[in-house]
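Okay, structure first, notes after.
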Amino acid sequence: MTATAVTEVVVGNTRPTVTITVPDGGFFDFGDKIPYTVTVTDPEETTIDCSKVTVQTQLGHDSHAHPLDVYTGCSGLLATEADAGDGHGPGQNIYTVVTAQYTDGSAAGGVPALTGSTRAQLQPKSKEAEHFTTQSGIIVNDRATARAGKRLGEVDHNDWVAYGPVELRNVGSVTLGVTNGGLGGTIELRTGSPTGTLVGAATIGSTGGWDNPVSPTVTLTNKPAGTTTLYAKFVNAAQVGGTPDLLSLDWLRFNGAGVKQEPRGTLSLAANAASGTAPLTTTLTATATAPSGQSITDYAWDFGDNSAITHGAMLRSIAHSYPRKGTFTARVTTTYTSGETRSANLTITVN
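So in our numbering the end of the sequence shown lands on 353, straight run, no missing numbers.
Rendered as structure tokens:
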């Protein structure tokens with residue numbers, strides 16, 4: 003019995019090396035416009051023909067991707083899908099993939115042309131906690147009160163979940179959607195490994211029950227340059243025998259411009275009142291302007307307690323009641339006629 007394997011060896015031509023400025027693991031919101039520059043090096047070509055550079059966006063879903071737009075040239079502006087769902091239901095694991103490729107000219111003597119390429123995966127700023135890359139000790143619970151119907155459970159001391167690839171460029175903080183009907187503990191955000199560099203932490207006390215979310219915002223420090231893996235590690239050395247559970251993580255929100263070209267409009271958020279005793283009813287007011295030649299088409303509100311008013315409501319001001327104590331991150335997002343968005347956060351403290 004025999005088996006044969008064949009490979010082609012090209013002598014006289016070198017595959018071009020392609021790089022793109024869009025970072026692998028960078029963060030974006032659907033509707034963002036993302037600037038890019040492609041660089042090509044090829045030992046056989048003294049001049050790179052930018053008309054032969056092709057950049058494509060794809061909508062990633064779990065482990066596959068759907069092709070979207072194709073761009074030609076060494077630089078430009080990528081438009082991500084304004085409709086994040088694109089036929090996928092709420093809470094799906096969707097993201098954006100960017101690929102760039104270049105095919106060189108064939109060398110003398112009939113040597114074939116070669117194609118070089120690169121790929122970057124962009125992470126949505128709003129991520130369900132259950133869309134982790136790897137984990138240790140965690141299970142995913144179905145829960146009707148969770149933001150997308152699922153959240154992390156069976157959380158014990160030193161358990162962790164990892165998200166990757168991530169690149170924390172222009173991301174200054176992370177908002178955590180979390181509940182605690184158990185012992186409570188600290189969520190440590192670390193890079194590289196569960197014991198890697200600590201970039202932020204939040205201590206979670208009782209929220210009054212497993213279906214009572216809070217949403218503290220953690221400022222990031224000591225951020226590494228380049229692409230890494232982000233770990234959320236759950237810590238409480240006082241836990242004995244794995245009971246009760248420490249807490250439950252529902253979602254994460256990465257705050258900042260990320261990789262996008264920030265639109266020129268302005269947005270600020272104020273509350274009357276931003277703190278008080280439970281039950282606290284506050285009026286949230288957005289002050290916004292649109293970029294020149296555009297208008298605001300939508301105000302989307304997220305109150306940080308798993309309740310929201312999203313899309314289709316031109317509400318510049320809205321009242322919301324927080325019936326129980328906790329730290330909540332309220333958020334307003336304006337959408338412009340271009341499909342681009344701008345967001346602002348505000349901490350609401352209920353005593």
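C-beta atoms are modelled at their ideal positions from N, C-alpha and C, and glycine is treated no differently. Every value quoted in this text rests on a predicted model; they were computed, and no experiment measured them.
Pick from the options that is closest to residue i, judged by C-alpha positions
i	options	result
T98	V261, T284 and V8	V261
R153	P167, G179 and H159	G179
W162	A146, G184 and T188	T188
N238	K54, L248, T231 and T229	L248
I298	A310, T9, L348 and Y338	Y338
G155	T56, L70, G244 and I36	G244
N308	H63, Q263, R149 and A321	R149
G267	P246, N274, G295 and D252	G295
G62	A240, D252, T136 and T101	T101
Pair within 8 Å by beta-carbon distance, residue i and residue j
i	j	result
T120	V20	yes
S319	L286	yes
S277	T351	yes
T329	V216	yes
V201	N224	yes
T284	N353	no
L348	L271	yes
L79	I36	yes
A275	F305	no
A81	F32	no
Contact set for residue i: own chain, Cβ-Cβ below 6 Å, skip 5 residues either direction
i	result
P226	T193
G258	N172, V173 and G174
I206	V180, N182, G186 and L249
Buried versus exposed call for residue i [16 or more other C-beta atoms within 10 Å across all chains shown]
i	result
C52	exposed
I141	exposed
S250	buried
E10	exposed
D144	exposed
E264	exposed
A292	buried
T74	exposed
Same chain, Cβ closer than 7 Å to residue i, five either side skipped, listed in chain order
i	result
F256	F29, K127, V173 and V176
E46	N15, T16, D106 and A109
W212	T181, G183 and S250
Segment limits, beta strand (DSSP E) that includes residue i
i	result
H68	H66 to T74
L191	G187 to T193
K152	K152 to G155
K35	K35 to T43
V99	I96 to T105
G78	S77 to A81
N143	I141 to D144
A204	T199 to I206
W350	Reading off the sequence, residue 350 comes out as Ile, not Trp. Here the beta strand (DSSP E) through I350 covers T343 to V352.
E130	S128 to E130
V163	W162 to V168
Close beta carbons around residue i, own chain, < 8 Å, minus the five adjacent residues each side
i	result
H66	none
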